[in-house]
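Chemist: Take this structure first; my questions come after.
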């Protein structure tokens with residue numbers, strides 16, 4: 009295949025008070041998000057956006073919290089990130105422990121699902137239903153979220169939450185769906 013090498017990001021690295029986070033705060037403050045009005049956007053000093061944050065595959069909430077700390081701090085005036093562990097624990101290089109939905113198991117590597125190729129050459133996304141059920145419980149426990157932010161596998165899940173038919177979503181998410189989704193390095 010064609011290898012074009014790494015592509016530079018047009019935004020550069022995210023740093024506290026970077027152009028990206030400063031611009032995002034300016035748009036939130038003024039209410040100029042596409043599809044929103046000034047009345048619908050949070051104001052500095054007003055109610056903050058509640059954002060559910062989903063880590064990537066082979067990560068944990070603790071690791072994702074460390075990696076996003078400066079970004080979360082730069083948005084502290086307008087948003088609160090709730091970072092949760094995926095319900096499945098990765099075992100070694102490939103195995104996954106399913107079921108039990110035991111969140112927050114220390115620093116173990118976690119995933120939202122495991123893509124396994126069947127003998128027929130079709131991929132099964134094992135653990136996806138349990139992850140949706142788990143997120144429904146988190147949604148209910150926290151009284152819903154304004155939006156979802158995801159990284160890598162978490163971004164793919166965030167995109168799925170935004171695009172799934174309402175009937176396929178857990179009842180708590182269906183009752184109060186996210187108003188926005190942010191996907192970082194999704195697939």
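In the working numbering, the protein residues as written are 9 to 195. C-beta: ideal position from N, C-alpha, C; glycine also.
1. Can you say whether residue 96 is buried or exposed, counting buried as having 16 or more other CB atoms within 10 angstroms of its CB?
2. Give every residue of the same chain whose Cβ lies closer than 6 Å to the Cβ of residue 130, excluding the five residues on either side of it in the sequence, and list them in chain order.
3. Taking 8 Å as the limit between beta carbons, can you name the residues of its chain near residue 180, skipping five residues before and five after?
4. Are there 16 or more other CB atoms within 10 angstroms of the CB of residue 186, so buried, or fewer, so exposed?
5. For residue 68, count neighbouring C-beta atoms within 10 Å of its own C-beta (all shown protein chains included) and say buried if the count is 16 or more, exposed if not.
6. Using beta-carbon positions only, say whether residue 134 and residue 120 come within less than 8 Å of one another.
7. Considering only residues of the same chain and omitting the five flanking positions on each side of residue 177, which have a CB-CB separation below 8 Å?
8. Assign residue 193 to buried or exposed, taking buried as 16 or more other Cβ atoms, counted over all protein chains shown, within 10 Å of its Cβ.
9. Going by C-alpha distance, which of 156, 165, 55 and 154 is nearest residue 138?
10. Tell me where the beta strand (DSSP E) around residue 132 begins and ends.
11. What is the rounded straight-line gap between the Cα of residue 44 and the Cα of residue 56?
12. Among the candidates 126, 154 and 175, whose CA atom is the shortest distance from the CA of residue 90?
13. CB-CB under 6 Å to residue 80, same chain, minus the five flanking residues each way: which ones, in chain order?
14. Mind checking which residues open and close the alpha helix (DSSP H) that includes residue 81?
Modeler: In short, the structure shows the following:
1. buried
2. none
3. 144, 145, 147, 148 and 152
4. buried
5. Under this definition residue 68 is a buried residue.
6. Going by beta carbons, residue 134 and residue 120 fall outside the 8 Å limit.
7. 140, 144, 169 and 185
8. exposed
9. Across the set 156, 165, 55 and 154, the C-alpha of 165 shows the shortest separation from the C-alpha of residue 138.
10. 131-134
11. Confidence in residue 44 is poor, its pLDDT being 45 and thus under 50, which makes the residue's placement too unreliable to answer from.
12. 154
13. Once the five neighbours on either side are set aside, the close Cβ partners of residue 80 are 89.
14. Per DSSP, the unbroken alpha helix (DSSP H) holding residue 81 starts and ends at 77-82.
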